[in-house]
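J.: Shown below is the structure under consideration.
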Amino acid sequence: MQQLVIALPKGRILKEALPLLREAGIHPEAALFDEDSRALRFATNRPDVSVIRVRSFDVATFVAFGAAQIGIVGNDVLAEFDYSELYSPVDLGIGRCRLSVAEPLGTPPITSESHVRVATKYPHLTKLHFAGQGIQAECVKLNGAMELAPLLGLAPRIVDLVSTGKTLKENGLVEREVILEVTSRLIVNRAAFKTMPEVARLVDAFRAVLGRAAA
Numbered sequence: 001m002q003q004l005v006i007a008l009p010k011g012r013i014l015k016e017a018l019p020l021l022r023e024a025g026i027h028p029e030a031a032l033f034d035e036d037s038r039a040l041r042f043a044t045n046r047p048d049v050s051v052i053r054v055r056s057f058d059v060a061t062f063v064a065f066g067a068a069q070i071g072i073v074g075n076d077v078l079a080e081f082d083y084s085e086l087y088s089p090v091d092l093g094i095g096r097c098r099l100s101v102a103e104p105l106g107t108p109p110i111t112s113e114s115h116v117r118v119a120t121k122y123p124h125l126t127k128l129h130f131a132g133q134g135i136q137a138e139c140v141k142l143n144g145a146m147e148l149a150p151l152l153g154l155a156p157r158i159v160d161l162v163s164t165g166k167t168l169k170e171n172g173l174v175e176r177e178v179i180l181e182v183t184s185r186l187i188v189n190r191a192a193f194k195t196m197p198e199v200a201r202l203v204d205a206f207r208a209v210l211g212r213a214a215a
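Residue numbers for the sequence shown follow full-length UniProt numbering, so the first one is 1 and each next one is one higher.
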């Protein structure tokens, strides 16, 4: 029996994805939701399906390279990496947020600047966004604590995910521009979609779940 692996992101999206997984017939073992567990691979109610729990950016990589056949990840990650091996057939409508430019309150608008320094973990999308305005973006790659960059003089602006805006406000930052509206997508490896019938069946199962929710 060929094992099918589903890659899931840690954190909030994992919790939001659980009801959809269950309705699609996949019930992961309880240990998946134990934040103290150091395990990374988990069994499900189906012997032919297992789940891995990884960082959101790594979900796309595991699926693109065929280590997992299916995953759930935000379209921000898909746009940042643009893997040709990925197919995203279903917008799950969970994990809603936005990718935005933020800066300290009172920062003058970008007008005549031809170069900006930006702290972000999205260098590709950031450069594309500013290039569209005729501005060259120098990206400082950070993986977290983005709000510290302007406060400590590392970069005057950041590009990061924003949900409520509370974290920005608490650190004296304001949202200046929205680059991308974000939701989580079901993604599949293109080769697996063509060669493993169960992958296509699971895609149909997720579509049916969302169809029932919309009815």
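C-beta atoms are modelled at their ideal positions from N, C-alpha and C, and glycine is treated no differently.
Here's a check: name, in chain order, each residue in its chain whose Cβ is nearer than 8 Å to the Cβ of residue 232, leaving out the five neighbours to either side.
T.: Residue coverage of the chain in this structure runs from 1 to 215, which leaves residue 232 outside it and unanswerable.
J.: Determine the DSSP secondary structure at H115, reduced to helix, strand or coil.
T.: For the purposes of this step, residue 115 is taken as the residue at position 115 of the sequence shown. DSSP places H115 in strand when its eight states are reduced to three.
J.: What's the gap between the Cα of G66 and the Cα of P108?
T.: Taking the sequence shown and counting its residues from 1, the one referred to as residue 66 is at position 66. Taking the sequence shown and counting its residues from 1, the one referred to as residue 108 is at position 108. Cα-Cα distance, rounded: 46 Å.
J.: Residue range of the alpha helix (DSSP H) that A191 falls in?
T.: Working through the sequence shown from its first residue, we reach residue 191 at position 191. Per DSSP, A191 belongs to the alpha helix (DSSP H) from R190 to T195.
J.: Compare the C-alpha of I13 against each of L142, E177, L152 and S56 and name the closest.
T.: Numbered from its first residue, the sequence shown carries residue 13 at position 13. For I13, the nearest C-alpha among the options comes from S56.
J.: Measure the alpha-carbon distance for L40 versus R53 and round it to whole angstroms.
T.: Residue numbering aside, residue 40 sits at position 40 when the sequence shown is read from its first letter. Residue numbering aside, residue 53 sits at position 53 when the sequence shown is read from its first letter. Spanning the two alpha carbons is a distance of roughly 5 Å.
J.: From this set, E147, G153, L151 and E177, which residue's C-alpha is nearest K166's C-alpha?
T.: Taking the sequence shown and counting its residues from 1, the one referred to as residue 166 is at position 166. Nearest of E147, G153, L151 and E177 to K166, Cα basis: E147.
J.: For A121, count neighbouring Cβ atoms within 10 angstroms of its own Cβ and tell me buried if that reaches 16, exposed if not.
T.: Here residue 121 corresponds to residue number 121 of the sequence shown, with the count starting at 1. Sequence inspection shows Lys at residue 121; the Ala mentioned does not correspond to that position. Buried, since its Cβ has 16 or more Cβ neighbours within 10 Å.
J.: Check the C-beta distance from F81 over to A68 and give it rounded, since I have them as a contact under 8 Å.
T.: The residue labelled residue 81 in the question sits at position 81 within the sequence shown. The residue labelled residue 68 in the question sits at position 68 within the sequence shown. At roughly 15 Å, the Cβ-Cβ gap does not stay under 8 Å, so F81 and A68 are not in contact.
J.: Find the nearest neighbour of E103 within the set D160, G25, V199 and F193, judged by alpha-carbon distance.
T.: If you number the sequence shown from 1, residue 103 lands on position 103. Ranking D160, G25, V199 and F193 by Cα distance to E103 puts D160 first.
J.: Mind checking whether I158 and A119 have CB atoms under 8 Å apart?
T.: As a position in the sequence shown, residue 158 is number 158, starting the count at 1. As a position in the sequence shown, residue 119 is number 119, starting the count at 1. Yes. Within cutoff.
J.: Going by the DSSP bridge assignment, what does R53 pair with across the sheet?
T.: Along the sequence shown, one-based indexing puts residue 53 at 53. R53 pairs with L8.
J.: Counting only the same chain and skipping the five closest in sequence on each side, list residues whose C-beta sits under 8 Å from that of K10.
T.: Locating residue 10 in the sequence shown gives position 10, counting from the first residue. Closer than 8 Å at the Cβ level, and outside the excluded window around K10, lie R53, V54, R55 and S56.
J.: If you drop the 5 nearest sequence neighbours on each side, which residues of the same chain put their C-beta closer than 7 Å to that of G25?
T.: On the sequence shown, position 25 is the one that residue 25 refers to. Within the same chain, G25 has close Cβ partners A205.
J.: Name, in chain order, the residues that DSSP records as bridge partners for P104.
T.: Taking the sequence shown and counting its residues from 1, the one referred to as residue 104 is at position 104. In DSSP, P104 forms a bridge with L173.
J.: On a CA-only basis, which of P123, A17 and G132 is nearest N143? Give me that one, please.
T.: Taking the sequence shown and counting its residues from 1, one reaches residue 143 at position 143. With distances taken between Cα atoms, N143 lies closest to P123.
J.: What is the DSSP secondary structure of D36, counted as helix, strand or coil?
T.: Numbered from 1 along the sequence shown, position 36 holds the residue referred to as residue 36. In this structure, D36 counts as coil in the three-state DSSP scheme.
J.: Would you list the residues sitting across from E181 in a DSSP beta bridge?
T.: To locate residue 181, count along the sequence shown from 1; it is residue 181. Paired residue(s): R98.
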